[in-house]
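J.: Here our numbering runs 469 ahead of the position in the sequence shown, where the first position is 1. Heads up, the beta-carbon is just placed ideally off N, CA and C, and yes, glycines get one too. Bear in mind that the values here come from a model prediction, so they are computed numbers and not experimental data. Below is one structure. I have some questions about it.
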Amino acid sequence: MFKQVVRASTASTSTPKAVFSPAQWPARVAYLHENYNPKSIKLPYVYDFGDCGCGDPCKIDSCRNARMNIFCTDKCCCWEELCANRPCESDKVEVMQHANTMQYALVATSPIKAGQVIGEYLGQLRYMSKEHSRRSRNQGYMLSMRARTDGIRELAVGIDAQYLGGRMRFANHSCSANAYFFEFANGRRHTVVVVTTQVIVAGGEITVNYGRDLWFVCRCEEENCVHRDIQDHEEP
Numbered sequence: 470m471f472k473q474v475v476r477a478s479t480a481s482t483s484t485p486k487a488v489f490s491p492a493q494w495p496a497r498v499a500y501l502h503e504n505y506n507p508k509s510i511k512l513p514y515v516y517d518f519g520d521c522g523c524g525d526p527c528k529i530d531s532c533r534n535a536r537m538n539i540f541c542t543d544k545c546c547c548w549e550e551l552c553a554n555r556p557c558e559s560d561k562v563e564v565m566q567h568a569n570t571m572q573y574a575l576v577a578t579s580p581i582k583a584g585q586v587i588g589e590y591l592g593q594l595r596y597m598s599k600e601h602s603r604r605s606r607n608q609g610y611m612l613s614m615r616a617r618t619d620g621i622r623e624l625a626v627g628i629d630a631q632y633l634g635g636r637m638r639f640a641n642h643s644c645s646a647n648a649y650f651f652e653f654a655n656g657r658r659h660t661v662v663v664v665t666t667q668v669i670v671a672g673g674e675i676t677v678n679y680g681r682d683l684w685f686v687c688r689c690e691e692e693n694c695v696h697r698d699i700q701d702h703e704e705p
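Shown next as structure tokens:
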């Protein structure tokens, strides 16, 4: 665990925005190392196309496999741990708490380059409605997947991280996020990872944009916030 209180900042030398302190993993959330699939939800089999052909270690914005939303394995890539197009859990991030609000956050403990996979958004796989209008905004930590179930009847699937999850469930929303969700697959394994979009300094909070399909009230307070219409709504 990152042993000292850290200050969040941007990649520049701007004034720190927040102070974070070490946090214990919340007892109400079971820690996962892979998605929990009690209903044996079956997603389509995705084939890779052999060697990705990257002359240098793969990057998620340039690797041939990544451009087809396929993650690399040792069978189709020779770069092993140097490959940046694989599901992984970075040792440069920790779950911490805001020193004033005690809100959980995902914080960099060492500098992180842009384009790095820092972890998987893990939880319980569940069926969900395809129609956004039928989903409750303030319900669970459901992240909808692009992939649909295999078979004649295609069903939408989501990753529910409310009670089961990994560190990425604590990545807070921001309308000016410095990371994004990226869904890729290989074989039967489909997963969603968090990828950085810019350099994040030690002590910087890692945020993602959850889009318009929110289950919470947006409090990002960014100048370009696109959810101002729900700012007066109460939290669930």
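(1) Answer yes if the region 664-681 comes into contact with the region 583-599, meaning at least three C-beta pairs across the two stretches below 8 Å, and no otherwise.
(2) Tell me the DSSP secondary structure of A535 in three-state form.
(3) Take the Cβ of F489 as the centre, count every other Cβ of all protein chains shown within 10 Å, and call the residue buried at 16 or more, exposed below.
(4) Have a look at the DSSP bridge pairing and note the partners of L512.
(5) Quick one, which of F650, L633, E549, Y596 has its alpha-carbon nearest R497's?
(6) Going by DSSP in three states, M597 sits in which element: helix, strand or coil?
(7) P580: which of D560, M597, A568 sits nearest, CA to CA?
(8) How about A553 and A671: are their beta carbons less than 9 Å apart?
(9) Evaluate G673 with the Cβ neighbour count: other Cβ atoms within 10 Å of its Cβ, from every protein chain shown; 16 or more gives buried, anything less gives exposed.
(10) Using a Cβ-Cβ cut-off of 7 Å (strictly less than) and excluding sequence neighbours within five positions of Y514, which residues of its own chain qualify?
(11) List the whole-angstrom C-beta distance separating A640 from L575, where the pair is believed to meet the contact cut-off of C-beta under 8 Å.
(12) For the region 542-551 against the region 510-530, are there 3 or more C-beta pairs whose distance is under 8 Å?
(13) For N538, which residues of its own chain have a beta-carbon under 7 Å away from its beta-carbon, when the five flanking residues on both sides are left out?
(14) Measuring alpha carbon to alpha carbon, tell me which of Q631, L594, E623 ends up nearest H659.
(15) My assumption, with CB atoms under 8 Å, is that G613 sits in contact with M597. Please give the rounded CB distance.
(16) What are the boundary residues of the beta strand (DSSP E) that includes F518?
(17) From the DSSP output, which residues share a beta bridge with F651?
(18) With H, G and I counted as helix, E and B as strand and the rest as coil, what does DSSP make of L501?
T.: Taking the structure as given:
(1) A contact is defined here as three or more CB-CB pairs under 8 Å, and the region 583-599 meets this definition with respect to the region 664-681.
(2) Three-state result, A535: helix.
(3) That one is buried.
(4) None, per the DSSP bridge assignment.
(5) Nearest option by C-alpha distance: L633.
(6) Strand, per DSSP.
(7) Selected option, being the one with the closest Cα: D560.
(8) One thing to note: A553 has its Cβ no nearer than 9 Å to the Cβ of A671.
(9) Burial state of G673 is buried, judged by a 10 Å Cβ sphere holding 16 or more other Cβ atoms.
(10) If we look at Y514 and ignore the five residues flanking it on each side, its Cβ neighbours are G656, R657.
(11) Contact check for A640 and L575: beta-carbon distance about 4 Å, within the 8 Å limit, so the pair qualifies.
(12) Touching, per the Cβ criterion.
(13) Taken in chain order, the residues that qualify are E652, F653, A654.
(14) Residue L594 is the option with its Cα nearest to H659.
(15) Inspection of the sequence shows that residue 613 is occupied by Ser rather than by Gly. With a contact defined as Cβ atoms closer than 8 Å, S613 and M597 qualify at about 6 Å.
(16) First-last for F518: undefined, no H or E at that position.
(17) In the DSSP secondary-structure assignment, F651 is bridged to V662.
(18) Of the three classes helix, strand and coil, the one that applies to L501 here is coil, per DSSP.
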